[in-house]
Every structure is written in structure tokens, then in C-alpha cells.
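Chains as they are written, first to last, in the numbering used here: chain A, 246 to 701; chain L, 246 to 701.
Every residue, glycine too, gets a C-beta built ideally from N, C-alpha and C.
Quantities reported herein were computed from a predicted structural model and do not represent experimental measurements.
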């Protein structure tokens with residue numbers, strides 16, 4: 246054993262990135278990744294697009310191949326399940342087939358991810374497994390099974406109108422299926438957008454698929470081992486009905502895979518995830534944790550939030566990899582939670598905490614992506630949230646053309662602790678075929694600024 | 246005369262905006278605009294696109310009509326030339342046709358703009374006017390004449406490879422003309438991009454039009470009152486040659502229209518433009534100046550720079566309009582000079598001073614707009630400049646997909662006085678169809694950060 250052996254559990258975006266940055270930081274350390282799945286690092290976020298066919302092959306999602314890891318002198322053991330972390334002897338005990346592997350570490354990085362949450366719907370399981378045409382979407386194999394199942398019928402039901410649920414609605418609709426999305430909450434995208442902003446998205450989607458908000462799925466009808474109908478209930482009226490279903494996708498959130506970390510003594514936080522600091526250290530010495538199994542605090546509220554985004558997982562991968570290899574990398578003092586997606590041709594994006602308890606003033610601007618005289622402009626709505634007392638930018642949401650890149654500017658403003666009175670005067674780039682002289686970004690700030698001045 | 250009569254000289258983007266914001270700030274003041282041209286506020290930046298036909302009609306460029314000004318209770322006098330500002334009696338003397346107008350003011354806003362600069366090329370003038378098929382592009386009438394002239398031949402020559410020169414090269418090439426661009430400086434876009442960045446643009450453009458850098462036009466051949474050939478000279482080799490030309494466009498910069506302001510006693514700065522402060526006040530009491538006739542200091546270097554951008558003119562219009570009407574509006578403590586354009590399908594953008602004399606460290610990242618596994622990604626190059634001593638972001642340039650919106654994020658970082666060590670950790674919005682997990686924006690920062698760490 247050398248002085249700096251690093252073990253990483255899990256080769257998703259977080260774990261794979263950690264390995265790469267550990268290698269960049271220390272050319273000599275021995276780096277081992279234990280991954281229980283069959284594939285090296287691949288893009289989970291790309292799965293819906295491989296199902297629709299926009300990404301031609303599932304294998305294209307693999308971002309770093311086994312060969313790549315070999316060339317980088319990183320030992321990647323696939324189909325290998327870690328059974329225990331022995332923190333006293335600093336050993337990881339894993340199983341590959343029938344072989345038991347005992348491997349010592351100096352630094353350990355836990356990147357065990359999360360698993361799909363299955364809401365209490367009657368009859369979805371048979372022998373502890375989801376029945377044949379019910380799926381979650383978390384792995385390449387899930388996607389492969391969904392693709393195979395698309396051929397067997399016209400009607401798809403999706404449980405959950407979050408980002409993945411709507412990405413799947415788009416993909417399956419693209420494949421010619423009749424799609425119904427069932428959402429328990431009153432609005433779609435409730436964790437990403439305010440009601441008025443999500444309404445813009447809803448208006449666009451409703452023309453293409455059926456959206457049932459305030460509805461829960463209560464049970465399914467099992468016909469020769471396959472779902473044939475989903476029973477749903479309107480939570481307001483109590484009304485129940487059945488939806489003909491040839492394919493059921495459950496995208497109702499995630500539960501973190503924390504048992505190894507918990508057994509090793511890592512502190513678990515309020516959200517049920519592993520607590521880490523800005524260096525991605527857990528409460529146990531020499532153990533780091535990253536990605537979907539962890540929580541970290543929001544930059545504004547300082548409340549813990551689960552890491553649900555690949556972009557954050559990658560940044561934690563960088564930090565933990567550098568630190569485990571003897572470097573020093575601190576993440577910013579809280580999460581921005583910048584996120585984006587696109588469905589049915591409409592881009593959405595947001596940054597900042599979802600549930601803000603501070604007194605907040607918001608301003609929304611509905612405009613166009615181009616000057617009115619330039620043909621081809623697309624609608625863009627931007628909503629910005631500032632702290633009432635200070636005018637500090639704390640969150641923003643956008644729906645429409647280049648929503649994501651517009652939100653990046655707000656992310657920068659939040660990270661830079663900027664005030665709306667400053668941001669409203671930002672010189673944004675203007676040219677007729679690209680953006681108007683005054684962009685929706687700063688015009689939304691103007692509206693907030695005006696509201697604040699009236700309160701003072 | 247009421248207590249707050251406002252006169253504005255010039256109804257371009259600056260003057261027109263000033264009138265609007267003066268009206269918003271004070272519902273009662275009398276507001277008068279004297280405009281020497283025939284049209285109310287229109288988009289000069291849109292002219293190249295009206296020539297190409299992307300904007301179907303020249304009239305579409307009019308952003309606020311005469312009716313609009315009337316409804317807003319703003320007196321707009323077109324084809325009216327101001328002859329003198331009498332600061333002692335606070336009167337503006339103007340001429341409309343043969344009528345002399347004497348109008349008192351409480352606040353005066355000078356928005357007289359700039360005129361095209363004609364380099365010393367032999368034979369371009371006849372009776373003090375450019376000959377028939379030689380044009381500058383500054384007004385709707387210029388554009389109308391160019392459109393008419395396109396029909397008369399195949400060969401166009403453009404003098405100047407700045408933003409407008411290249412926009413026109415694109416437009417005329419779009420109309421089927423053979424275009425040659427003659428640029429005196431060693432690189433195209435020398436005021437906007439560094440050599441390595443402008444090279445990316447050049448490589449794309451060179452396949453479509455002929456670009457001759459390091460060349461000056463020395464004279465033209467006048468054939469029955471029309472240009473038929475342009476003589477050019479290679480400034481390095483001294484070699485001279487002639488270019489067959491049916492249409493010559495001169496876009497070689499601007500000279501500010503400052504004579505009225507100068508006669509009124511307003512201080513003129515180092516760049517030859519009217520000096521203004523953050524409120525757009527000149528050195529003369531109650532006289533503001535805005536737009537292309539003014540200069541203001543760069544936010545980083547604090548050196549004066551001419552206002553050459555419509556976006557800044559509009560922001561000065563807001564500030565001067567609010568202030569002239571009794572409000573209080575201060576622009577940021579210096580210009581960002583965020584700018585963008587697009588030619589031949591390629592977007593470019595930049596922010597920050599063009600000529601930086603501080604010790605600067607830069608980093609460039611050439612990447613793709615989408616993750617490598619997602620089809621349809623386009624090249625994007627981002628270059629960022631930081632102050633060596635402090636790591637402070639001072640400028641950025643981008644070429645490629647969404648260059649403008651990427652540069653807006655850097656503009657925000659500069660306005661927020663942010664450090665590269667902070668910005669490199671920005672959580673940018675990620676989704677496979679929209680942007681990669683790590684964007685070129687932060688990856689360019691990583692490169693600078695690494696360079697800085699090696700210097701320390």
C-alpha cells in the first residue's frame with residue numbers, strides 16, 4: 246500500500262469525475278473504483294434522449310470508457326458491490342461475482358448515488374420487482390427495457406411531472422405514444438418553477454400530452470404479469486378513474502443510497518442524505534461523499550438540500566478528487582442549484598432555493614428574445630427574486646429561448662452577492678439578430694427595483 | 246414655460262429613450278425633440294438586416310412612431326436642425342425649412358450622434374458628396390440607396406472589417422454579390438477580439454468572401470460619375486492592385502457630432518467626444534449628453550472610451566431622461582462595453598476594455614455547446630482575461646454558439662467585481678440538449694486559475 250491509496254465507491258458522474266481529478270492531482274496514487282453496475286461513467290441525464298432517439302445509441306452515453314480509465318491508470322471494477330467499509334482498519338470489502346475483495350484505502354470517496362422512489366401504488370411489485378412493463382429511469386438497462394417496451398402498445402402513463410417525468414413525456418410522445426402524466430402536486434415542475442412560470446410550460450405541453458395535476462396513482466391492474474390500467478384519484482374531488490396503459494414510468498423522486506456510509510458512522514442530515522462540507526468531507530476522517538447520496542446547504546437559506554443535479558455531482562467530484570489526492574479544493578459556501586431542461590421545444594431554467602421563507606420581492610418580465618422588428622424572436626419570461634430588506638438577488642427562473650444561459654447570469658449574480666440595483670444596470674450584449682437592447686434579464690430586475698422603491 | 250421644460254437634440258436610440266424616460270418620470274413636463282432626419286427613433290443596428298432582407302421592410306426598423314411620441318405627449322419635430330444653444334438665456338435655436346424656432350429649456354439633452362468617417366481615398370467625393378455608388382451606412386436613406394444599388398452589379402467592396410463592415414459583407418453576400426473586405430489593420434474585428442479569437446471568425450468568413458487585411462484603399466476610378474475600381478495597397482509589401490467594384494461601402498469608424506456642445510462650452514475629452522458623468526451631465530449646468538457623441542470611462546481601466554454601442558446609448562437615455570425630469574439615476578461606475586454580432590452564421594461577443602495595459606493573464610477554452618454525446622453541438626471558444634495581481638475578471642471574448650449570453654455572465658462578473666477563483670466554481674445550468682456539465686465559461690476560468698497558481 247502506497248501513501249495515498251484512494252478508493253471510490255460508484256462510477257457515476259460524481260465518482261468518475263472524482264477519479265479523474267484525483268489522478269490529475271497525484272500522478273502516482275493508486276486509484277480504485279468499485280461500481281456495482283455493468284457500465285463505466287455514463288450520462289444518466291442523457292437517458293431520455295437516447296430513448297427518443299435524439300441520441301442514436303445508448304452506448305453513446307458512456308462518457309469515459311473502460312479503456313479510458315485503464316489508460317489513466319485507474320482500476321475500475323465493474324459489477325462489484327461494496328459490502329462494508331471497515332473504518333478501523335481502513336479497508337473496503339467488496340464482492341465481484343463470488344470473489345471477495347479486500348482493499349485498503351487512505352482516502353475513501355462514497356458516490357453511491359440514489360435509487361428511484363416508488364410511491365405506494367398497489368400491485369406494482371411482483372416478487373419484490375416492478376412488473377414487466379413498469380419502469381423507473383435510472384440506468385442504461387432501464388432505458389433499454391423502456392425502448393423495447395415502446396413497441397408493445399400506444400398508451401404510456403408517467404407518474405411525476407418533474408424534470409425527468411416531462412423529459413420522458415416528450416420522448417415517448419416523440420415516439421408516437423399517447424402520454425398521460427399524473428402529478429400529485431397542484432402544479433407541474435413544482436420543485437423548479439413558481440406556479441405562474443410553470444403555467445407557461447403547462448400551456449405548451451397540454452396541447453401535446455395529457456397532464457393530470459393533483460392526482461395520485463392508487464393501484465394498477467395486472468393482466469398476465471403486465472400493467473393494463475392505472476387507477477388514479479383526484480386528490481381534491483376524490484374522483485377515481487382508470488387509464489389504459491401499455492407502459493408505466495415512475496419518476497417520483499429518489500432515495501439516497503446511504504447504508505454503507507451510515508454503517509461507517511458518517512453523519513446523516515435532515516434530508517436523509519450524507520452530510521458533507523465544502524471539501525466534500527463527511528464526519529468520518531478520510532471519508533468523502535459526493536453526488537446524489539449527499540446533502541449540502543443552499544447558498545441563500547443555508548438549509549440543507551439533497552444534491553439532485555449532475556452538475557453539482559461533477560463539481561463535488563472535482564473537489565473530492567483533488568482533496569483525496571492531497572490537494573485543496575473548496576466548493577462555494579452553498580449551492581446555487583442552477584438547473585435547466587427542455588421539453589416540447591421549450592427551454593426552462595432556474596437558480597436559487599425552491600422554498601424561500603425570507604420576505605422576498607419578485608418581478609416578472611414577459612418579452613421576446615429578439616427586438617420586435619427582427620423576425621424569428623421567441624417568447625422569453627424571466628422572474629427574479631430578491632431579499633426585501635437588502636435587495637440581494639436570491640433566485641431566478643426563466644422559460645423560453647436561451648432560458649439556461651440567461652439564468653447563468655443570475656447564478657453569477659447570486660454567487661457574487663449582487664444587488665438588484667446593480668444588476669438592473671448590467672450592460673447585456675445587444676445585436677438585432679441576437680438579443681434586444683434591454684434584455685428580459687434586466688427588465689425583470691427593473692420591475693423588482695420599482696416594487697422595492699414603493700415599499701420604502 | 247413650465248418649471249421643467251426638456252429639450253432633446255436628436256431622436257436616435259439615445260435621444261428617443263431619453264424622451265420616454267423623462268416622460269415616465271414626470272407626467273407634466275414639456276418635452277421637445279429636434280431631429281434633423283426624416284424618421285422618428287429607429288434601429289440603426291438593424292440596417293444591415295434590412296438590406297439583406299431578413300428584416301422585410303426598412304420601415305419595420307422604426308421602433309417608436311410619430312404617433313407614439315404624440316400619444317406620449319412628446320413634441321417630435323423632424324427635419325429640424327438645431328443651429329445654436331444659447332446657454333445664457335437657456336434657449337435652443339433651430340431651423341425647420343425656413344422657419345426659425347426658439348425654444349427655452351430647463352434641461353437640455355444633447356444626443357447628436359456621430360457621422361461616418363471617410364478615410365483619405367482619392368476621388369470618392371464630387372461636390373463634397375460621395376459619388377453615386379459609394380455609401381456609408383448610418384441612416385434609413387443610406388440603406389435604401391444601397392438596396393437600390395445592389396441591382397446594378399455583382400462586385401461589392403467594403404472598407405473596414407469591424408462589426409458593421411462584416412455585417413454588411415454577410416448581407417451583400419446573401420444578396421448574391423461577390424464581396425471583398427479591405428481592412429487597414431492586421432486583423433479583422435481588431436476592436437472586439439484578440440487575434441487568436443478573430444482568427445476563428447476569419448477562417449469561417451474566408452470561405453465566403455475575400456478578406457484583405459493590412460490593406461488600405463488609396464483611390465477609386467470614377468467612370469461616368471460612378472466608382473468602377475478601387476485601388477488598394479498592401480501596407481506590408483507596398484504592392485498595389487485594383488478591385489472591380491460596382492458598390493463601395495465605407496465602414497471605417499465614426500466621428501462624433503460635437504460642434505453644438507462645444508460651442509455651448511461643454512468639455513470635450515481625450516477621445517474627442519463630449520465628457521459626461523454617471524448621470525450623463527456635461528460640464529455645463531442643465532446640459533446632458535448621451536450616445537455616440539459622448540465618451541465615458543471604462544470600468545476596469547478608467548480610461549475614457551467613445552460610446553459606440555446602441556445598448557449603452559439606451560442606458561444613457563434612461564439615465565439622462567430620468568435625471569432631466571427631476572429623478573435620480575446613476576449609471577455604473579464605468580462601461581462594460583458588452584457587445585455582440587453575428588455574421589455568416591457565427592456569433593461573436595466580448596466584454597471589457599479593448600486595450601489593456603495592466604499585467605493580464607488570459608485563458609482560452611475551445612469546446613462544444615453541448616455534451617459530446619449529444620448530436621448538434623456547435624463549437625464555442627471562450628477567452629477570459631484577469632488582472633494578474635488580484636485574479637479579478639476584467640474582460641472576456643467568445644466566438645460560437647450562444648456567445649452573447651455566455652458573455653453576459655462575464656459582464657455580470659465584471660460588474661460584481663468577481664474573482665476568477667470564485668467564477669470558475671459557478672454552477673452553470675446543465676442539461677444534455679442545452680449545455681455541458683462544465684461549460685466553456687468556467688473551463689476558461691480554470692485555465693487562467695491554473696496559470697495564476699503557477700506564477701505564485
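Residue span of the alpha helix (DSSP H) that contains residue i, given as start and end
i: residue 492(A); result: From DSSP, residue 492(A) is part of no alpha helix (DSSP H) but of the beta strand (DSSP E) over 492 to 495.
i: residue 203(A); result: Because chain A in this structure spans residues 246 to 701, residue 203(A) falls outside the shown range and cannot be described.
i: residue 442(L); result: 440 to 450
Assigned secondary structure, residue i (DSSP; H/G/I helix, E/B strand, else coil)
i: residue 690(A); result: helix
i: residue 655(L); result: helix
i: residue 506(A); result: helix
i: residue 432(A); result: coil
i: residue 312(A); result: helix
i: residue 246(L); result: For residue 246(L), the predicted structure reports a pLDDT of 42, less than 50, and the residue's modelled location is therefore unreliable. The matter cannot be settled from this model.
i: residue 265(A); result: helix
i: residue 322(L); result: strand
i: residue 602(L); result: coil
i: residue 406(A); result: coil
i: residue 419(A); result: helix
i: residue 360(L); result: strand
i: residue 277(A); result: strand
i: residue 412(A); result: helix
i: residue 289(L); result: helix
i: residue 700(L); result: helix
i: residue 589(A); result: coil
From the options, residue whose alpha carbon lies closest to that of residue i
i: residue 339(L); options: 295(L), 255(L) and 495(L); result: 255(L)
i: residue 667(A); options: 690(L), 291(L), 577(L) and 565(L); result: 577(L)
i: residue 424(A); options: 416(A), 430(A) and 431(A); result: 416(A)
i: residue 620(L); options: 319(L), 678(L) and 312(L); result: 678(L)
i: residue 554(A); options: 250(A), 258(A), 253(A) and 251(A); result: 258(A)
i: residue 675(L); options: 387(A), 263(A) and 650(A); result: 650(A)
i: residue 281(A); options: 357(A), 466(A) and 439(A); result: 357(A)
i: residue 318(L); options: 276(L), 285(L) and 429(L); result: 276(L)
Identified DSSP bridge partners for residue i
i: residue 460(A); result: 479(A)
i: residue 674(A); result: According to DSSP, residue 674(A) bridges with nothing at all.
i: residue 680(L); result: 676(L)
i: residue 584(L); result: 595(L)
i: residue 533(A); result: 354(A) and 526(A)
i: residue 645(A); result: 625(A)
i: residue 339(A); result: 327(A) and 346(A)
i: residue 706(A); result: Because chain A in this structure spans residues 246 to 701, residue 706(A) falls outside the shown range and cannot be described.
C-beta contact flag for residue i and residue j at 8 Å
i: residue 380(L); j: residue 494(L); result: yes
i: residue 614(A); j: residue 637(A); result: no
i: residue 459(A); j: residue 474(A); result: no
i: residue 511(L); j: residue 527(L); result: yes
i: residue 388(A); j: residue 491(A); result: no
i: residue 208(A); j: residue 689(A); result: Only positions 246 to 701 of chain A appear in this structure, which leaves residue 208(A) out of reach.
i: residue 404(A); j: residue 497(A); result: yes
i: residue 682(A); j: residue 669(A); result: no
i: residue 409(A); j: residue 382(A); result: yes
i: residue 366(L); j: residue 296(L); result: no
i: residue 566(L); j: residue 309(L); result: no
i: residue 359(A); j: residue 580(A); result: no
Under 9 Å by beta carbon: chain B residues contacting residue i
i: residue 312(A); result: This model lacks chain B altogether; the protein chains it does include are A and L.
Limits of the beta strand (DSSP E) - the one that residue i falls within
i: residue 391(L); result: Per DSSP, residue 391(L) belongs to no beta strand (DSSP E); it is in the alpha helix (DSSP H), 385 to 395.
i: residue 668(L); result: Taken as a continuous stretch (DSSP letters only), residue 668(L) belongs to no beta strand (DSSP E), being part of the alpha helix (DSSP H) at 665 to 668.
i: residue 612(A); result: 605 to 613
i: residue 295(A); result: Premise fails: residue 295(A) lies in the alpha helix (DSSP H), 292 to 297, not in any beta strand (DSSP E).
i: residue 304(A); result: Note, residue 304(A): premise wrong, no beta strand (DSSP E); not H, not E.
i: residue 499(A); result: 499 to 501
i: residue 423(L); result: 423 to 427
i: residue 632(L); result: 624 to 632
i: residue 539(L); result: 539 to 542
i: residue 616(L); result: Neither: residue 616(L) is in no beta strand (DSSP E) and is coded neither H nor E.
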